[in-house]
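Undergrad:
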Amino acid sequence: MMEAVTELTWNLSRDVQQLFAYHFMVNAFRAGTVVAVVAAAVGWLMVLRRASFAGHTLAVVSFPGAAGAVWLGISITAGYFAASIAAALVIAMVPGSRGGGTSRESAVIGTVQAFALACGVLFVSLYGGLLDSVTGLLFGSFLGVSDSQVVTLLVVGAGVLAVLAAIGRPLFFASVDPDVASARGVPVRLLGVVFLVLLGTTAAEVSQITGALLVFALLVMPAAAAQQLTARPGWSLALSVLLALLVTWAGLVAAYFSTYPVGFYVTTFGFAAYGLSAAGRSLSEWIGTRGRPGLAPRLAVDR
Amino acid sequence: MTWLVANPFVGAFHMLDHPFLRYAFIAGTCIGLASGLIGYFVVLRSQVFTGDALSHVAFTGSLAALAFGIDLRVGLYGGCVAFALLMAFLGRRASADDTVIGSVFAWVLGLGALFLSIYTTGRSGSGGFSGNAGVSVLFGSIFGLSSGQAITDAILALVVAAAVIVIARPLLFASLDEAVASARGVPVRALAYAFFVLVGITAGEATQAVGALLLLGLLAAPAGAAQRLSPRPFGALWLSAGIAVVSVWVGLSLAYAFPRIPPSFGILSVATAGYLVALLVTWRRDRPGRPGAPAHLEVLS
Chain A
420 MMEAVTELTW NLSRDVQQLF AYHFMVNAFR AGTVVAVVAA AVGWLMVLRR
470 ASFAGHTLAV VSFPGAAGAV WLGISITAGY FAASIAAALV IAMVPGSRGG
520 GTSRESAVIG TVQAFALACG VLFVSLYGGL LDSVTGLLFG SFLGVSDSQV
570 VTLLVVGAGV LAVLAAIGRP LFFASVDPDV ASARGVPVRL LGVVFLVLLG
620 TTAAEVSQIT GALLVFALLV MPAAAAQQLT ARPGWSLALS VLLALLVTWA
670 GLVAAYFSTY PVGFYVTTFG FAAYGLSAAG RSLSEWIGTR GRPGLAPRLA
720 VDR
Chain B
16 MTWLVANPFV GAFHMLDHPF LRYAFIAGTC IGLASGLIGY FVVLRSQVFT
66 GDALSHVAFT GSLAALAFGI DLRVGLYGGC VAFALLMAFL GRRASADDTV
116 IGSVFAWVLG LGALFLSIYT TGRSGSGGFS GNAGVSVLFG SIFGLSSGQA
166 ITDAILALVV AAAVIVIARP LLFASLDEAV ASARGVPVRA LAYAFFVLVG
216 ITAGEATQAV GALLLLGLLA APAGAAQRLS PRPFGALWLS AGIAVVSVWV
266 GLSLAYAFPR IPPSFGILSV ATAGYLVALL VTWRRDRPGR PGAPAHLEVL
316 S
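Those sequence lines, one after another, are chains A and B.
Throughout the first sequence, residue numbering follows my numbering, covering 420 to 722 in sequence.
Throughout the second sequence, residue numbering follows my numbering, covering 16 to 316 in sequence.
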């Protein structure tokens with residue numbers, strides 16, 4: 420897969436030099452950093468709102484978007500964003516399609532997901548013979564991130580963060596207690612739609628690094644880990660961003676120095692972070708019940 | 016194959032001359048039957064999420080088997096059935112929005128990517144097939160079945176279908192009202208385990224027909240359509256099987272007539288269209304305030 424033979428040595432400065440010797444790797448780090456920050460911030464609210472199934476669907480839809488863009492010969496980045504944002508608007512329009520829900524709704528979601536993936540296969544087949552990049556689209560690839568792609572990711576990511584900052588306070592309120600927020604005059608429904616569009620945009624960004632099937636690695640795992648560790652919103656948000664950055668960087672380094680795909684490393688590190696924080700929390704709770712006042716209570720959201 | 020479009024009747028007549036298509040039709044019909052029957056109970060019991068999870072496990076199980084150099088189907092069926100038993104054990108505690116379970120599945124899929132990479136790099140010198148393995152597991156390779164595989168798949172699928180029909184009545188009772196069924200002496204726990212094992216085997220079968228990523232559609236779409244169209248449980252059960260089988264037939268014919276269409280897309284698009292038609296047909300009936308509309312079979316989850 421890689422032309423040059425790269426080896427991990429004990430000489431740290433040489434390793435870093437090796438890591439950034441190629442322009443594609445520098446771009447991969449730039450893109451990964453942008454994506455990690457945006458994913459952690461939006462994912463944090465997504466976990467809080469328990470909308471992870473919607474996030475999964477939006478990410479799955481980005482696969483036919485990208486494959487269709489390849490087939491039509493337009494920008495693959497545009498394909499990712501167009502498909503995910505369109506799907507977010509559709510989900511926002513259909514009432515009650517957010518979660519598993521009743522048996523009939525879950526049949527709809529399952530059908531839509533499978534059909535979206537089937538469309539992706541059709542586009543790949545129509546384009547003809549790009550079997551290698553199919554796995555890239557599904558499981559992530561950091562090779563060949565262009566300069567313009569980094570700029571696009573940065574601009575869109577900054578836009579998402581700006582909107583999130585602008586609506587952050589009412590959105591947090593509406594996520595924690597929708598009934599009280601709506602009674603206080605917060606436009607809960609409108610905020611939900613805006614959030615879904617932000618989620619779609621973010622899912623499209625993350626798909627470009629982790630692949631359409633593994634977005635959970637950056638969207639859910641860091642946020643879930645951070646919410647295990649601290650109950651204070653500001654701290655857990657910051658911690659979530661930090662964990663996402665660490666997971667992404669570690670994943671890129673590991674993938675560079677080995678032959679295995681970046682998607683595997685990112686999910687594994689993300690899952691390890693989540694597992695460790697859940698174990699740490701159980702441990703501290705166990706100690707806490709033995710006489711000492713434990714951690715602050717979990718940031719609980721009743722829906 | 017252009018003459019085929021000009022004269023579809025002659026084309027359909029000659030279609031089954033090709034052995035690979037005959038095998039695809041034999042296996043596909045039986046797999047469609049099994050998927051439609053068990054899929055009805057998957058939707059009725061609100062277990063679509065289990066189907067989603069099984070598609071991850073089917074992929075990782077198959078590629079783990081390939082990476083370790085054993086038969087693909089050992090990993091596929093082994094993984095699916097083991098996982099289905101786990102879901103039966105967890106019972107209703109497992110739900111779609113659960114962060115823990117979602118994270119575990121993402122990681123399982125990441126492992127699948129690792130096995131794919133081990134398998135691909137392990138035999139990069141031995142020809143073009145290995146690069147295809149991941150794609151054919153993900154999206155199915157029903158046109159690539161050998162006669163032996165087709166017969167095995169067909170027999171296994173028929174056994175599953177027969178088992179579903181045998182336990183259909185008590186399973187329906189247990190799915191609709193677990194408490195009452197249990198009080199009447201229906202072995203609810205044992206039925207749940209049997210159901211999940213059958214789902215696991217069907218997922219393995221469907222992986223070979225439409226691929227790991229799309230098996231959810233074959234389980235959910237015909238059953239969802241049937242559930243909307245028929246308020247009677249057994250009518251819906253058979254309707255679901257019928258829609259699934261017809262989807263397979265039409266999808267395979269489409270893929271044969273238009274070589275650029277992958278068979279799994281053909282099957283899935285017919286199944287989805289069926290669901291869409293069912294949605295439109297029942298749209299008016301579903302509007303509130305219309306007297307005389309037949310009551311829907313609704314199950315509280």
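Backbone N, C-alpha and C define an ideal beta-carbon position, used for all residues, glycine too.
What distance in whole Å lies between the Cβ atoms of Leu618(A) and Val766(A), which are believed to be in contact at a cut-off of 8 Å?
TA: It is not possible to answer for residue 766(A), since the shown part of chain A is limited to 420 through 722.
Undergrad: Identify which residue in Met640(A), Gly670(A), Leu671(A) has its Cα closest to the Cα of Leu656(A).
TA: To locate residue 656(A), count along the first sequence from 1; it is residue 237. Nearest of Met640(A), Gly670(A), Leu671(A) to Leu656(A), Cα basis: Met640(A).
Undergrad: Got a sec: which bits of the segment 251 to 273 of chain B sit with their beta carbon under 7 Å from any beta carbon on chain A, in order along the chain?
TA: none
Undergrad: Check whether the segment 29 to 42 of chain B and the segment 179 to 188 of chain B touch, using three or more Cβ-Cβ pairs below 8 Å as the test.
TA: no
Undergrad: Threshold first: 3 residues or longer. Then list the beta strand (DSSP E) segments lying entirely within the segment 538 to 617 of chain A, N to C.
TA: none
Undergrad: Counting only Cβ pairs nearer than 7 Å, list the residues of chain A close to Tyr290(B).
TA: Position 275 of the second sequence, counting from 1, holds the residue named residue 290(B). Those are Thr530, listed as they occur along chain A.
Undergrad: Does Ser544(A) get closer than 8 Å to chain B when you measure Cβ to Cβ?
TA: Numbered from its first residue, the first sequence carries residue 544(A) at position 125. Yes, Ser544(A) counts as interfacial toward chain B.
Undergrad: Pick helix, strand or coil for Phe74(B), following the three-state DSSP scheme.
TA: Stepping through the second sequence from its first residue, residue 74(B) is reached at position 59. Assigned with DSSP and collapsed to three states, Phe74(B) falls in helix.
Undergrad: For Trp298(B), decide whether its Cβ has a neighbour in chain A, counting only Cβ atoms nearer than 8 Å.
TA: As a working mapping, residue 298(B) is identified with position 283 in the second sequence. Cβ-Cβ to chain A under 8 Å: no for Trp298(B).
Undergrad: Note down, in chain order, each residue of its chain lying with its Cβ closer than 7 Å to the Cβ of Leu252(B), except the 5 sequence neighbours on either side.
TA: Working through the second sequence from its first residue, we reach residue 252(B) at position 237. Leu52, Tyr55, Ala183.
Undergrad: Give a yes or no on contact between the segment 72 to 82 of chain B and the segment 258 to 274 of chain B, applying the rule of three or more CB pairs nearer than 8 Å.
TA: no
Undergrad: Does chain B have any CB closer than 8 Å to the CB of Pro597(A)?
TA: Locating residue 597(A) in the first sequence gives position 178, counting from the first residue. Answer no: the Cβ-Cβ gap between Pro597(A) and chain B never drops below 8 Å.
Undergrad: Is there a Cβ from chain B that is less than 8 Å from the Cβ of Pro680(A)?
TA: By one-based count along the first sequence, residue 680(A) stands at place 261. Yes, Pro680(A) lies at the interface with chain B (some Cβ there is under 8 Å from its Cβ).
Undergrad: Flag this pair as yes or no: are the beta carbons of Thr621(A) and Val570(A) separated by less than 8 Å?
TA: Indexing the first sequence from 1 puts residue 621(A) at position 202. Indexing the first sequence from 1 puts residue 570(A) at position 151. Cβ distance not < 8 Å, so Thr621(A) and Val570(A) don't count as in contact.
Undergrad: Can you confirm whether Met512(A), when its beta carbon is compared against all beta carbons of chain B, has any partner nearer than 8 Å?
TA: Along the first sequence, one-based indexing puts residue 512(A) at 93. Chain B, which has no Cβ nearer than 8 Å to the Cβ of Met512(A), makes this no.
Undergrad: Checking 8 Å against the spacing of the C-beta atoms, do Thr530(A) and Thr287(B) come in under that value?
TA: Taking the first sequence and counting its residues from 1, one reaches residue 530(A) at position 111. Taking the second sequence and counting its residues from 1, one reaches residue 287(B) at position 272. Yes, Cβ-Cβ distance for Thr530(A) and Thr287(B) is below 8 Å.
Undergrad: Express the C-alpha separation of Asp598(A) and Ala49(B) in angstroms, rounding to a whole number.
TA: As a first step, residue 49(B) is located in the second sequence; it is residue number 34 there, counting from the start. As a first step, residue 598(A) is located in the first sequence; it is residue number 179 there, counting from the start. Spanning the two alpha carbons is a distance of roughly 45 Å.
Undergrad: Any Cβ of chain A within less than 8 Å of the Cβ of Asp67(B)?
TA: Along the second sequence, one-based indexing puts residue 67(B) at 52. Residue contact with chain A for Asp67(B): present (Cβ-Cβ distance below 8 Å to some residue of chain A).
Undergrad: Whose Cβ in chain A lies nearer than 9 Å to the Cβ of Pro277(B)?
TA: Position 262 of the second sequence holds residue 277(B). Residues of chain A with a Cβ closer than 9 Å to the Cβ of Pro277(B) are, in chain order, Ala537, Val540, Leu541, Val543, Ser544.
Undergrad: DSSP on Ser151(B), reduced to helix/strand/coil?
TA: Taking the first residue of the second sequence as 1, we reach residue 151(B) at position 136. DSSP places Ser151(B) in helix when its eight states are reduced to three.
Undergrad: Starting from the C-beta of Gly219(B), find all residues in its chain whose C-beta is less than 7 Å away, skip the five residues before and the five after it, and write them out in chain order.
TA: For the purposes of this step, residue 219(B) is taken as residue 204 along the second sequence, with counting starting at 1. So the list reads Ala73, Leu91, Tyr92, Cys95, once near-sequence residues are dropped.
Undergrad: Use the C-beta contact count for Asp566(A): other C-beta atoms within 10 angstroms, 16 or more gives buried, fewer gives exposed.
TA: Here residue 566(A) corresponds to residue number 147 of the first sequence, with the count starting at 1. Burial call: exposed.
Undergrad: Could you name the residues of chain A that Phe83(B) contacts, counting a contact when the two beta carbons are closer than 7 Å?
TA: Counting from one through the second sequence, the residue named residue 83(B) turns up at place 68. Neighbours of Phe83(B) on chain A: none; closest Cβ ~16 Å, over 7 Å.
Undergrad: Shorter than 8 Å from the beta carbon of Gly125(B) to some beta carbon of chain A?
TA: Against the second sequence, residue 125(B) aligns to sequence position 110. Yes - at least one Cβ of chain A is within 8 Å of the one on Gly125(B).
Undergrad: With a cut-off of 8 Å, do at least 3 Cβ pairs link the segment 203 to 216 of chain B to the segment 502 to 510 of chain A?
TA: no
Undergrad: Rounded to whole angstroms, what is the Cα-Cα separation between Leu467(A) and Ala172(B)?
TA: For the purposes of this step, residue 467(A) is taken as residue 48 along the first sequence, with counting starting at 1. For the purposes of this step, residue 172(B) is taken as residue 157 along the second sequence, with counting starting at 1. Distance between the alpha carbons of Leu467(A) and Ala172(B) is about 42 Å.
Undergrad: Helix, strand or coil for Pro237(B), going by three-state DSSP, please let me know.
TA: Position 222 of the second sequence holds residue 237(B). Looking at Pro237(B) - three-state DSSP - the assignment turns out to be helix.
Undergrad: Could you pull out every unbroken alpha helix (DSSP H) segment of at least 4 residues lying fully inside the segment 454 to 540 of chain A, listed in chain order?
TA: 471 to 491, 495 to 512
Undergrad: Just to make sure I have the definition right: I need the residues of chain B whose C-beta is within less than 7 Å of the C-beta of Phe635(A). Which are they?
TA: Taking the first sequence and counting its residues from 1, the one referred to as residue 635(A) is at position 216. Gly117, Ser118, Ala121, listed in chain order.
Undergrad: Closer than 8 Å between beta carbons: that is the criterion. Which residues of the segment 451 to 481 of chain A meet it against chain B?
TA: Those residues of the segment 451 to 481 of chain A placed with their C-beta closer than 8 Å to a C-beta in chain B are Val466, Arg469, Ala470, Ser471, Phe472, His475, ordered along the chain.
Undergrad: Is there at least one non-hydrogen atom of the ligand SAH closer than 7 Å to the beta-carbon of Val123(B)?
TA: For the ligand SAH, the structure offers nothing, since it holds no ligand at all.
Undergrad: Hey, does Val660(A) have any beta-carbon neighbour from chain D nearer than 8 Å?
TA: Protein chains A and B are contained in the structure displayed, whereas chain D is not.
Undergrad: In chain B, which residues lie less than 7 Å from Tyr693(A) when you measure between Cβ atoms?
TA: Working through the first sequence from its first residue, we reach residue 693(A) at position 274. In chain order: Ser118.
Undergrad: Ala663(A) versus chain B: which residues are under 9 Å apart at the beta carbon?
TA: In the first sequence, residue 663(A) corresponds to position 244, counting from 1. Neighbours of Ala663(A) on chain B: none; closest Cβ ~14 Å, over 9 Å.
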